[in-house]
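A.B. asks: According to the numbering used here, the residues represented by the sequence shown are 107 to 274, in order.
No residue lacks a Cβ here, since even glycine has one placed at the ideal position from N, Cα and C.
The structure that follows is given in the form of structure tokens.
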Amino acid sequence: MPKIHNLERSLTLPTDLDNAWEFISTPKNLDAITPDDMSFSILTDVPEVMYEGLLIEYRVGIPVIGSQCWLTEIKHIKDRHSFVDEQRIGPYSLWYHYHEITEVDGGVHFFDRVTYTLPFGPLGSIAHAVYVKSELARIFDYRKEAMTRIFGEVPNEKEVQESGSTGS
């Protein structure tokens, strides 16, 4: 059985729940929080607001591998609270990305948990150790910086780092 990995990030921003939800539920905004060097582009026409079952096809640049298509399905939407994007086609054997927002004193708390596995058995494990783990951390750290530029910063913000790996 492939090793299951988890990446978690947490961020509080000075905005209200309506603005936060509007931002994260608009598929086109993904481009604004993705590093430029990934050559990210959405290939399908996407609505202004996501809905349950929405399929989004996009292309991302992956070093060594090159450009790759990725198909994601939006699932489990709880309005103004949470949703999941789950990879249907792409570089991972499993990609389950849970997004959650909650109102807190001074703003909105954003929480992301990605549960993922890599293909190719032992080669996938080596790729994770050598590249994938640090690359995902870089991408999600960039998202934090981009969202802070968009919404501003809350003093004394704490970030939850990668939670580690589970499974066998």
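#1: In whole angstroms, give me the CA-to-CA distance for PHE117 and GLN193.
#2: What three-state label does DSSP hand SER82 in the structure shown?
#3: Which same chain residues, not among the five before or five after CYS175, have their C-beta less than 8 Å away from its C-beta?
#4: With distances taken between CB atoms, is the gap from TYR222 to ILE110 smaller than 9 Å?
#5: Report the three-state DSSP secondary structure of VAL166 (helix, strand or coil).
#6: Pull up the distance between the alpha-carbon of ARG186 and that of ARG219, whole angstroms please.
#7: Since I believe SER199 is in contact with LEU224 (beta carbons under 8 Å), could you give me their beta-carbon distance rounded to a whole number of angstroms?
#8: How about GLU158 and LYS134: are their beta carbons less than 9 Å apart?
#9: Are ILE168 and ALA252 close, meaning C-beta to C-beta below 9 Å?
#10: Report, in whole angstroms, the separation of the C-beta atoms of THR132 and GLU154, which I expect to be a contact under 8 Å.
#11: Measuring alpha carbon to alpha carbon, tell me which of SER173, LEU136, LEU229 ends up nearest ASP191.
#12: Starting from the Cα of ILE256, find the closest Cα among ASP211, MET107, THR121, PRO228 and give me that residue.
#13: The alpha helix (DSSP H) with THR254 in it runs from where to where?
#14: Let me know if ILE171 comes out buried or exposed under the rule of 16 or more other beta-carbons within 10 Å of its beta-carbon.
#15: What are the residues that DSSP puts in a beta bridge with TYR198?
C.D. replies: The answer reads as follows:
#1: Against the sequence shown, residue 117 aligns to sequence position 11. Against the sequence shown, residue 193 aligns to sequence position 87. Inspection of the sequence shows that residue 117 is occupied by Leu rather than by Phe. A direct Cα-Cα distance of roughly 24 Å separates LEU117 from GLN193.
#2: Because the chain spans 107 through 274 in this model, residue 82 falls outside it and cannot be assessed.
#3: The count along the sequence shown starts at 1 and reaches residue 175 at position 69. For CYS175, where only same-chain residues beyond five positions count, the Cβ hits under 8 Å are LEU149, GLU163, TYR164, ARG165, ILE195, GLY196.
#4: In the sequence shown, residue 222 corresponds to position 116, counting from 1. In the sequence shown, residue 110 corresponds to position 4, counting from 1. Yes, they are a contact pair.
#5: Numbered from 1 along the sequence shown, position 60 holds the residue referred to as residue 166. Under the three-state reduction of DSSP, VAL166 is assigned to strand.
#6: Numbered from 1 along the sequence shown, position 80 holds the residue referred to as residue 186. Numbered from 1 along the sequence shown, position 113 holds the residue referred to as residue 219. Each residue's alpha carbon lies about 17 Å from the other.
#7: Working through the sequence shown from its first residue, we reach residue 224 at position 118. Working through the sequence shown from its first residue, we reach residue 199 at position 93. About 6 Å separates the two Cβ atoms, so the contact holds.
#8: As a working mapping, residue 158 is identified with position 52 in the sequence shown. As a working mapping, residue 134 is identified with position 28 in the sequence shown. Cβ atoms of GLU158 and LYS134: not closer than 9 Å.
#9: As a first step, residue 168 must be located in the sequence shown, where it is residue number 62. As a first step, residue 252 must be located in the sequence shown, where it is residue number 146. Contact: no.
#10: Residue 132 sits at position 26 when you count from the first residue of the sequence shown. Residue 154 sits at position 48 when you count from the first residue of the sequence shown. Confirmed, Cβ separation roughly 6 Å.
#11: On the sequence shown, position 85 is the one that residue 191 refers to. Comparing alpha-carbon positions, the option among SER173, LEU136, LEU229 lying closest to ASP191 turns out to be LEU136.
#12: Taking the sequence shown and counting its residues from 1, the one referred to as residue 256 is at position 150. The residue with the shortest Cα to Cα distance from ILE256 is THR121.
#13: Residue numbering aside, residue 254 sits at position 148 when the sequence shown is read from its first letter. If you look at THR254, you'll find it in the alpha helix (DSSP H) that goes 239-257.
#14: By one-based count along the sequence shown, residue 171 stands at place 65. Label assigned to ILE171: exposed.
#15: Translated into the one-based positions of the sequence shown, residue 198 becomes position 92. DSSP, once it has assigned bridges, lists no residue as partnering TYR198.
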